[in-house]
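Numbering (the numbering used here), first residue to last: 6 to 468.
Beta carbons: idealized from backbone N, C-alpha and C, even for Gly.
For clarity, every value in this text was computed on a predicted model and none was experimentally measured.
Step one of this worksheet: look at the structure below.
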Ligand SMILES: [Fe+2]
């Protein structure tokens, strides 16, 4: 085993300051976060406790392996579109992250598993080096799956040695980078599922990722518009736990009084928009959105299929009848805006969403193999479905908060350089890893993206 030292550069110190270091993750892959949350609260996990870091490292890495193990080697190699990476690539890239940002800089004498992996599995870090084109990741048939799994095991072993060799804890800067790597891997767990869903969807047999799961359509409630006063409010992450740099700094902003829908827009409600000719009425669409509808000849959400007069929806459990009470998902920003216009409402700003979300707990329908699909709202009043089920488009462009600074070094490329041409989504989805959600979490995608589990919550100005 290599002798350890901690040669932290000045730039590393600066960039890691923005990442706080408590992890709050799961111990059981299929457990619903709402159940876990009660007996394993976020605050109970000590960020600088080596045993805690080891536990989270092994549980996060194990869950990625569990997800991949439900797929054939052929499934894991497929790339169905430029945005969707093969499962095999996700397995290798998340491993490359730990090798590149932890093992290479902090373990003297560490020998990389394969020097070619820097080119093949670097996603977009220009300061690390050139990258293999994203749209061609499905062409990487070599290394094969056996070598990718060996790569994961080798890096897991080296990381295990590194963590075990520091019984008194790691320097905060290194713990923060490991926390970043684990949160990064959780993001890729969700991407693995959204990407393979698209891959399976283009197969005319509509195979299921998880055949044993089902889609429950029970429940539903009347949609109410709940009033909020607004005013001068704080937005952004406040706390001692982990957050991404784009959630910082916490700052003040003014929010006018507004109303927010008590639940997500359902399939049944969106079906009315479709039936009313919503995709044929340019007056409801943004200019770019209308161009997209025309060019792509769209008439309903991605994964909806009308077969023999019946509306069906492709899910990770296969092709299922469309359930009216289940939240509509896989709609892009253009579709969300058009629906809101048709309904006489608008999308919330991310500030409105965040301050409203503080009235509810971090509970919801997160990744759960029994139902990898959003669930109907509960038959009760009040604000619900803020976390889990589907990410919620906001009308806010993805930009840096006042005072935001891109960190120096390669990890500074994580979020800041994407602050152009994308919209913020809030909440989380039914394929978000348990524990990977925050009131201040800012997801972001281009307005045309449909393949994420993205849906709609309505808002309006208060009268
Ligand atoms: Fe990544």
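Considering just the uninterrupted stretch of the alpha helix (DSSP H) at residue i, what are its terminal residues?
| i | result |
| --- | --- |
| residue 342 | 338-347 |
| residue 351 | Per DSSP, residue 351 belongs to no alpha helix (DSSP H) and is neither H nor E. |
| residue 332 | No alpha helix (DSSP H) holds residue 332; DSSP gives it neither H nor E. |
| residue 233 | Note, residue 233: premise wrong, no alpha helix (DSSP H); beta strand (DSSP E) at 230-233. |
| residue 320 | No alpha helix (DSSP H) contains residue 320, which is instead part of the beta strand (DSSP E) from 315-320. |
| residue 5 | Examination of residue 5 is not possible in this model, given that the chain is present from 6 through 468 alone. |
| residue 95 | 92-103 |
| residue 83 | Segment: none, residue 83 is in no alpha helix (DSSP H) and carries neither H nor E. |
| residue 245 | Here residue 245 belongs to no alpha helix (DSSP H), and DSSP marks it neither H nor E. |
| residue 61 | 55-74 |
| residue 274 | 272-280 |
Taking the beta strand (DSSP E) that residue i belongs to, which residues open and close that run?
| i | result |
| --- | --- |
| residue 223 | Counting along the chain, residue 223 falls outside any beta strand (DSSP E), and DSSP gives it neither H nor E. |
| residue 431 | 428-431 |
| residue 237 | 236-240 |
| residue 465 | 464-466 |
| residue 323 | 323-326 |
| residue 448 | 448-450 |
| residue 265 | 263-266 |
| residue 260 | 256-260 |
| residue 311 | 309-312 |
Please classify residue i as buried or exposed, where buried requires at least 16 other C-beta atoms within 10 Å of its C-beta.
| i | result |
| --- | --- |
| residue 27 | Because the pLDDT at residue 27 is just 31, under 50, the model does not fix this residue reliably, and the value given afterwards should be weighed accordingly. Classification for residue 27: buried. |
| residue 248 | buried |
| residue 94 | buried |
| residue 472 | No information on residue 472 is available, as it lies outside the stretch 6 to 468 that the chain covers here. |
| residue 301 | exposed |
| residue 445 | buried |
| residue 89 | buried |
| residue 206 | buried |
| residue 227 | exposed |
| residue 403 | buried |
| residue 164 | buried |
| residue 375 | exposed |
| residue 77 | exposed |
| residue 74 | exposed |
| residue 315 | exposed |
| residue 202 | buried |
| residue 37 | Unreliable positioning characterises residue 37 in this predicted model, as indicated by a pLDDT of 34, which lies under 50. A coordinate reading is not provided. |
| residue 326 | exposed |
| residue 456 | buried |
| residue 471 | There is no way to answer for residue 471, as the model of the chain reaches only from 6 to 468. |
| residue 393 | buried |
| residue 438 | buried |
| residue 357 | buried |
| residue 292 | exposed |
| residue 261 | exposed |
Does the beta-carbon distance from residue i to residue j come in below 8 Å?
| i | j | result |
| --- | --- | --- |
| residue 140 | residue 87 | yes |
| residue 250 | residue 129 | no |
| residue 331 | residue 267 | no |
| residue 341 | residue 231 | no |
| residue 435 | residue 377 | yes |
| residue 255 | residue 246 | no |
| residue 187 | residue 62 | yes |
| residue 137 | residue 124 | yes |
| residue 65 | residue 191 | yes |
| residue 399 | residue 352 | yes |
| residue 359 | residue 431 | yes |
| residue 92 | residue 80 | yes |
| residue 324 | residue 317 | yes |
| residue 224 | residue 383 | yes |
| residue 458 | residue 199 | yes |
| residue 157 | residue 96 | yes |
| residue 414 | residue 229 | no |
Pick from the options: whose alpha carbon is nearest that of residue i?
| i | options | result |
| --- | --- | --- |
| residue 221 | 115, 392, 370, 459 | 370 |
| residue 185 | 229, 103, 282, 168 | 103 |
| residue 172 | 58, 156, 217, 384 | 58 |
| residue 380 | 372, 127, 386 | 372 |
| residue 131 | 293, 69, 416, 276 | 416 |
| residue 354 | 179, 464, 198, 214 | 464 |
| residue 214 | 349, 276, 71 | 71 |
| residue 453 | 176, 339, 278 | 339 |
| residue 194 | 84, 344, 361, 99 | 99 |
| residue 170 | 112, 197, 181, 135 | 112 |
| residue 109 | 153, 234, 160, 294 | 160 |
| residue 343 | 277, 60, 406, 449 | 277 |
| residue 405 | 175, 167, 253, 67 | 253 |
So that I know if they touch, is there some Cβ in chain B lying closer than 8 Å to that of residue i?
| i | result |
| --- | --- |
| residue 130 | Of the protein chains in this structure there is only one, and it is not chain B. |
Taking only runs that begin and end inside the segment 349-429, name each unbroken beta strand (DSSP E) of 3 or more residues, in chain order. 396-402
Hey, which unbroken runs of the alpha helix (DSSP H) at 4 residues or more fall wholly within the segment 166-225? 177-206
Segments assigned alpha helix (DSSP H), at least 4 residues, entirely inside the segment 107-134: 122-126
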